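Per my numbering, residue 990 is the first one in the sequence shown, and the count goes up by one each step.
Glycine included, each C-beta is placed from N, C-alpha and C at the ideal position.
Only a predicted model underlies this, so the values are computations on that prediction, with no experimental measurement involved.
A quick write-up on the structure given underneath.
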Amino acid sequence: MNLAPVDLLVIGLYLSASLFIGFWVSRKASQNIQSYFLGGNKLPWYYLGLSNASGQFDISGTMWMVYLLFIYGLKSVYIPWLWPAFNQVFLMVFLSIWLRRSGVMTGAEWIRFRFGEGRGAELSHLVIVAFALLVVLGYLAYGFVGIGKFAAAFMPWQLSADVHTNEILYGLILTAVTAVYVVKGGMFGVVLTEVMQFVIMTVACIAIGVIAMVQVSPEMLEAAVPEGWFSMGFGRTLALDWSGILESANQRIVEDGWSLFSVFFMLVLLKGILQSIAGPAPNYDMQRILSARTPVEAAKMSWLVSLVLLFPRYMMITGLTILALVFFMGDLRAMGAAVDFEQILPFALANYVPAGLLGLVIAGLLATFMSTFAATTNSAPAYVVNDIYKRYFNPNGSQKTYVRMSYLVSVTFVVLGTAIGLFAPSLNDIILWIVSALYGGYTAANILKWYWWRMNGFGYFYGMLAGLLVAIPLMFTDLSPLYAFPALFGLCVVASIAGSLLTKPDDMETLKRFYFKTRPWGFWRPVHEALEESHPGLRRNGDCLRDMVNCTVGIFWHTALTAAPIFLVIRRWPEFFVATAVVVVTSLFLWRNWYVLMRNDPDAAVEDAEASEGGRRALTSA
């Protein structure tokens, strides 16, 4: 592909700016590990929110979502629930506040906060570190595969005559550039760079959406897709038949295993809710929450992620998809059974974005890779250095030593993740394994840790271990990780409960400290009664019903935010206005029933409620 000089200039300026920011903030980031991993808890929530949105706006995921919208139409808005996409709703409503109240640095450190310092806590600490590092490697491999495919299609220099070798070489080059600014800048560098990247991506997304609206008329699109493509509704089956249009699309639906769409929908909804109430996995999302200045700012950050991410991202996804549906169909048919739907994104950009703007778009898409890769890479040393090296090998080391060790760990994981990516079969296989098998094994133990006082360190260890022992072999089988989820979840529930009940409860002082500081709702009565001896009148968290109502409304809000930009770009105006109305109504509800009621201190809400009740009584008496 031949890029105009102005395109190359824009790309070069972007890469240079990313490196400059990393080195510019390296002095501030390297003061101590608190600054390196959490930005010293001084970064405003809106910076963290934009950074987190940028980190979730990855090139590999964008390529995957373009493929989903191409094949499944409007029903594809439900498929990212596999992650689950709506987990940000549960975070913003209550879990980010609970998590940030801990004041810890990593997910593994949170485990010690929850389970104490006994043998069970040590085992739990080690197993969550192992899980976190496995997640890091999975995401690094996933990012490497995506950026290799993208760069080989766009960069003007063919480094090898072999297409696959070209993808590998470009993946290695861009991985190395990204690693440099992440290693040097820590959390400060990651956040500041990602804010810049988000601005670039937003401009690129809107531009692509507008280009597609100009190039593709509603009539052209209707002629290119099967009946039912425009509908978000479904029955027992998917009811999409690509026969006579693109036979390989029917075969891909069969291979994905989602033809019985009602079963798929119920599974992803159930799995999504369970994984959401389990809290965030120990990855870059958790690091952003722990980096917030206060618990309320952590919740606002999670809200901002969905608010600013979904609309521009889906303008890009929809624009690329409809350009390919109308203009790339002949090429896809020519590929026959070997069709590569992950080439849809490169084709649409190469042929329908004008010179000058193309450089900005490519820079934006490079940013989507670099932001996710950066956030993931930054989370690895937080676990290895803080939770392993400092705790077990060098507890009295200098801050400089810990930061230098973080550099080494980051580089090591980049190398390992890249090596795994070299052997990964496809983006779809990596995604399904991470979100269904790996996260599936994580779910049961992490639900129980929040909501059941009797869950102890041993129960957590055995539940997580059972999940890992099943998840890893699933990578090498043909069994769908999604359809294996119910059995995997059930096994982990049994292992967690049995491990807890067959061993002694955790120390009551540890449980009291956790409950008093975090104040979750759930089955905590014995701990609450023990605390009442020293804190008479201590109030329970009675917000369970309100939180669940807000989460339910939030899922509709999140889904409408996803659908609205799709309807906008394909110019289905009645559906667009309905989706927009749903966003407005649900936003007003959440503002009234969630946003104005948030408090940093778990007892502040009780005090405010008592003050309001006292005021009402005074007015009544008067």
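According to the DSSP assignment, V1483 belongs to the alpha helix (DSSP H) that extends over P1470 to L1490. The Cβ atoms of S1291 and S1085 sit closer than 9 Å to each other. Between L1520 and K1501, the alpha-carbon positions lie close to 6 Å from each other. Secondary structure note for V1294: its alpha helix (DSSP H) is the uninterrupted segment P1284 to F1316. Here DSSP, grouped into helix, strand and coil, assigns F1512 to strand. Nearest Cα to N1375 within the set I1048, T1051, G1096 and P994: G1096.
Ranked by Cα distance from F1447, the first of G1109, R1535, A1487 and D1467 is G1109. W1441 has F1512 as its beta-bridge partners, per DSSP.
By the 16-neighbour rule on beta-carbons within 10 angstroms, K1064 is buried. Its chain contains M1290, L1293 and V1294 as the residues whose beta carbon lies nearer than 6 Å to that of G1038, once the 5 sequence neighbours on both sides are disregarded; these appear in chain order. Taking a C-beta distance under 9 Å as the contact criterion, L1088 and G1198 do not qualify as a contact pair. Setting aside the 5 residues that flank it on each side, R1277 is surrounded in the same chain by L1037, S1040, N1041 and M1290, each with a C-beta closer than 7 Å to its C-beta; the list follows chain order. The beta carbon of G1105 sits closer than 6 Å to those of D1495, D1496 and T1499, all from its chain and outside the five residues before and after it, given in chain order.
Nearest to F1578 by C-alpha distance, out of F1545, L1002 and D1274, is F1545.
Separation of the CB atoms of M1081 and A1288 is rounded to 5 Å, and the pair is thereby assigned contact status at 8 Å. Y1372 is not a Cβ neighbour of V1055, given a cutoff of 9 Å. In the three-state DSSP reduction, N1589 falls in the coil class, being neither helix nor strand.
Closest in C-alpha terms to L1454, from the list P1470, L1480, T1226 and L1471, comes L1480. For secondary structure counted as the alpha helix (DSSP H) over 4 or more consecutive residues, the segment 1045-1107 holds these complete runs in sequence order: 1048-1061, 1076-1079, 1085-1089 and 1096-1104. Inter-residue distance for L1161 and A993 is about 24 Å (C-alpha atoms, whole angstroms). In this structure, the beta-carbon distance from M1209 to V1328 does not fall below 9 Å. By the criterion of at least three beta-carbon pairs nearer than 8 Å, the segment 1330-1341 is in contact with the segment 1305-1321.
Between the segment 1184-1202 and the segment 1214-1234 there are fewer than three C-beta pairs closer than 8 Å, too few to call the two in contact.
Per the C-alpha coordinates, the member of S1237, L1129, L1550 and Y1584 positioned closest to R1302 is L1550. Between the beta-carbon of W1442 and that of F1505 there is about 13 Å, and that puts the pair past the 8 Å contact cut. In the three-state reduction of the DSSP assignment, S1523 falls in the coil class.
Between V1134 and G1410, the CB-CB gap stays under 9 Å. Exclusion of the five residues before and after I1377 leaves V1118 as the residues of its chain whose Cβ lies within less than 7 Å of its Cβ.
Of the residues assessed, P1370 falls on the buried side of the cut-off, its CB having 16 or more other CB atoms within 10 angstroms.
With a cutoff of 9 Å on beta-carbon distance, T1365 and L1002 are scored as not near each other. Nearest to R1103 by alpha-carbon distance, out of D1536, Q1332 and A1434, is A1434. Counting C-beta atoms within 10 angstroms of its own C-beta, N1530 has 16 or more neighbours from the protein chains shown and is therefore classed as buried.
Of the other Cβ atoms in all chains shown, 16 or more fall within 10 Å of the Cβ of F1503; this residue is therefore buried. Contact between S1113 and F1450 holds, since their C-beta atoms are separated by about 5 Å, short of 8 Å. The Cβ neighbour count for Y1431, taken over all protein chains shown within 10 Å, is at least 16; the residue is labelled buried.
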